[in-house]
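Number 218 in the numbering used here belongs to position 155 of the sequence shown; there are no gaps in the numbering. Cβ coordinates follow ideal geometry from the N, Cα and C atoms, glycine included. Here the structure is laid out as structure tokens; the discussion comes afterwards.
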Amino acid sequence: MTGDRLPLRPNVGACLFNRDGLVLVARRADISANAPMGEGDAHAWQLPQGGLDRGEDPVEGVMRELSEEIGTRNAVILGRMAEWLDYDLPAHLIGKALGGKFRGQTQMWFALRFLGEDSEIRLDADEHPEFDTWRWAPLAELPGLAVPFRRPIYQRLAQDFARYAVPG
Numbered sequence: 064m065t066g067d068r069l070p071l072r073p074n075v076g077a078c079l080f081n082r083d084g085l086v087l088v089a090r091r092a093d094i095s096a097n098a099p100m101g102e103g104d105a106h107a108w109q110l111p112q113g114g115l116d117r118g119e120d121p122v123e124g125v126m127r128e129l130s131e132e133i134g135t136r137n138a139v140i141l142g143r144m145a146e147w148l149d150y151d152l153p154a155h156l157i158g159k160a161l162g163g164k165f166r167g168q169t170q171m172w173f174a175l176r177f178l179g180e181d182s183e184i185r186l187d188a189d190e191h192p193e194f195d196t197w198r199w200a201p202l203a204e205l206p207g208l209a210v211p212f213r214r215p216i217y218q219r220l221a222q223d224f225a226r227y228a229v230p231g
């Protein structure tokens, strides 16, 4: 099946804000200067996100993804995007990334407030950790941290979720 005939993978994403209004970004463990995405460490950062299971409610999915990727569900949903946001993979990743089954992703993004302490964040909660380190960052930094094909999504998040990037 050619890339243009592959479907988009349903996905949820978490823009997790701390009490200072900063957002959690994590560095992908599988990306280095020699990795297939080819962007190196400078663009190896992303927000927690992941595929929806068949029939799974997006709210349930985003909380599951937080638990799997950062080891905690200690958060409350502040809001969500009004619509699903789509991106296509670059041509060189089609057939390789996302299990080779998808041309990109359609994503529902959520803004959440982290209610816990930093010590609750555990990247090793899953037997196959997706991230190797994390930090809190200003929301406006998101687009510059993302791989280029995800930048438009992160620009939109930085714009639409700015109202949540305040101490709270």
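Checklist entry - Should glycine 231 go down as buried or exposed, given a rule of 16 or more other Cβ atoms within 10 Å for buried? => result exposed
Next on the checklist: My assumption, with CB atoms under 8 Å, is that glycine 142 sits in contact with tyrosine 227. Please give the rounded CB distance.
Outcome noted: 7 Å
Checklist entry - Just the Cα atoms here: how many angstroms apart are glutamate 146 and glutamate 190? => result 32 Å
Checklist entry - Do you know how far the Cα of glycine 124 is from the Cα of aspartate 116? => result 8 Å
Checklist entry - Just how far apart, CA to CA, sit leucine 70 and phenylalanine 165? => result Looking at the sequence shown, residue 70 is not leucine but proline. Computed Cα separation, rounded: 5 Å.
Checklist entry - Taking just the CA atoms, how far does glycine 158 sit from glutamate 204? => result 30 Å
Next on the checklist: So for proline 73, helix, strand or coil by DSSP?
Outcome noted: strand
Next on the checklist: On the DSSP bridge list, what partners appear for glycine 113?
Outcome noted: Answer is Val75.
Next on the checklist: Using 8 Å for Cβ pairs, my map puts aspartate 149 next to threonine 169. What's the rounded Cβ distance?
Outcome noted: Rounded, the Cβ-Cβ distance is 5 Å, consistent with contact.
Checklist entry - Can you check whether the CB of alanine 77 is closer than 8 Å to the CB of phenylalanine 173? => result yes
Checklist entry - If you run the structure through DSSP and keep just helix, strand and coil, what is phenylalanine 80? => result DSSP places phenylalanine 80 within a strand segment (E or B) once states are collapsed to three.
Item to check | With 16 other Cβ atoms within 10 Å as the buried cut-off, status of leucine 178 | outcome: Classification of leucine 178: exposed, given that the 10 Å Cβ count is below 16.
Checklist entry - From what residue to what residue does the beta strand (DSSP E) around tyrosine 217 run? => result Not the beta strand (DSSP E): tyrosine 217 falls in the alpha helix (DSSP H), residues 214 to 223.
Checklist entry - Who are the Cβ neighbours of arginine 82 in its own chain at under 8 Å, not counting the five residues just before and after it? => result Arg176, Phe177, Pro230, Gly231
Checklist entry - For arginine 143, which of helix, strand or coil comes out of DSSP? => result strand
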